[in-house]
Amino acid sequence: MIVIMTSDCDPTYGGVDDILELLTKSKSLHILLVMDRKNKPVRFSDLKKLVDSSSTTISRRLKELESYGLVARTLVNGTGNMYEYSITKDAKSLSPILQSLFDWVDKRSKEYLK
């Protein structure tokens, strides 16, 4: 179903567009998936290794995900500049939806690779 935005269209669609734009940026889904699977706070350096991306990309995505309330940044006790990152309840609530999307893509890719 294609939805065409008009002035009398439900504003929720605009919000969906915004979150999809964020989630389709490079490494956004991968970061959320790693954090969800870890199920505990992750340090930047560990996240960088697990996601296998540049510091710049990881840093940008974390800031964007944090601004949408999907990632929380916490200062590690006793340190001046070391942070841990974790997914929020809002991001956790996206997990089943994202898993369905991953499953759908996996199934379709197997069908097309035959």
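Everything in the sequence shown is counted per this note's numbering, starting at 398 for the first residue and increasing by one.
Think of the CB as a built atom: it goes at the ideal place given N, C-alpha and C, for glycine as much as any other residue.
As the structure is a prediction and not an experimental result, all values here were calculated from the model.
Backbone CA spacing between residue i and residue j [nearest angstrom]
i	j	result
residue 447	residue 413	28 Å
residue 439	residue 474	14 Å
residue 419	residue 478	26 Å
residue 499	residue 472	32 Å
residue 509	residue 501	12 Å
residue 457	residue 504	31 Å
residue 436	residue 417	23 Å
N- and C-terminal bounds of the beta strand (DSSP E) containing residue i
i	result
residue 472	468-472
residue 451	Unbroken run through residue 451: none, as it is neither H nor E.
Sequence-distant residues of the same chain with beta carbon closer than 7 Å to residue i, five excluded per side
i	result
residue 450	424
residue 398	Legend: pLDDT at residue 398 = 49, less than 50; position of this residue unreliable, value from coordinates given subsequently. Taken in chain order, the list of residues that qualify is empty.
residue 484	429, 432, 433, 467, 468
Limits of the unbroken alpha helix (DSSP H) element including residue i
i	result
residue 490	486-509
residue 475	That residue, residue 475, is in no alpha helix (DSSP H); it is neither H nor E in DSSP.
residue 479	Careful: residue 479 lies outside any alpha helix (DSSP H) and carries neither H nor E.
residue 435	425-435
Chain-order list of residues whose beta-carbon lies under 8 Å from that of residue i (same chain, five-residue window excluded)
i	result
residue 442	none
residue 455	424, 428, 441, 444, 445, 448
residue 491	429, 467
residue 470	459, 463, 480, 481, 482
Bridge-paired residues (DSSP) for residue i
i	result
residue 413	Beta-bridge pairing links residue 413 to no other residue.
residue 440	481
Item to complete: Mind the definition here: the stretch 419-436 touches the stretch 489-496 only if three or more C-beta pairs lie below 8 Å; say whether that holds.
Response: Cβ pair count under 8 Å is three or more, so yes.
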